[in-house]
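Colleague: For the sequence shown, the positions run 108 to 193 when the numbering used here is used.
My questions will all concern the structure given below.
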Amino acid sequence: MVHDDSHLRFELEEIAPGEFIISVVWREKKLGSLYLRGDRHEATTFLEAARRRIVLSITGDAPADIDGQVKRELLDLSRNLHNPRG
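Here is the structure:
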């Protein structure tokens, strides 16, 4: 199933010095968020990686459950962030 990602937004909010929230919003519904610590450059780099990965996962032959797929991708990204593979 092909999904129109024109309504998909990725937001980066600095909630405190060195602390950020990445939010994924689709059609005005917040699908999930991820807490990050680090500097703005690291947060922006991570945001772009999350954007690419999520857009790829919900386009093409992806499942119709956009909400669930975004949450799974954010969970996997969070795991990779806290336990990077060597």
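Quick reminder that beta carbons are idealized off the backbone N, C-alpha and C, glycines included.
(1) Whose C-beta lies closer than 7 Å to the C-beta of H114 among residues of the same chain, with five residues either side of it excluded?
(2) Going by beta carbon distance, what residues of the same chain come within less than 7 Å of I161, once the five residues before and after it are set aside?
(3) Go through the stretch 135–185 residue by residue and report every complete run of the beta strand (DSSP E) that reaches 3 residues or more, in order.
(4) What does L115 pair with, by DSSP beta-bridge criteria?
(5) Among all the DSSP beta bridges, which residues are the ones paired with I122?
(6) Looking only at its chain, what residues have a beta carbon closer than 8 Å to the beta carbon of A157, apart from the 5 residues adjacent to it on each side?
(7) Which whole-angstrom value describes the C-beta separation of E126 and R144, a residue pair presumed to lie in contact below a C-beta threshold of 8 Å?
Modeller: Here's the rundown:
(1) W133, R134
(2) V131, V177, E180
(3) 136–144
(4) W133
(5) Per DSSP, none; premise fails for I122.
(6) F117, I129, V131, L141, E180, L181, L184
(7) 6 Å
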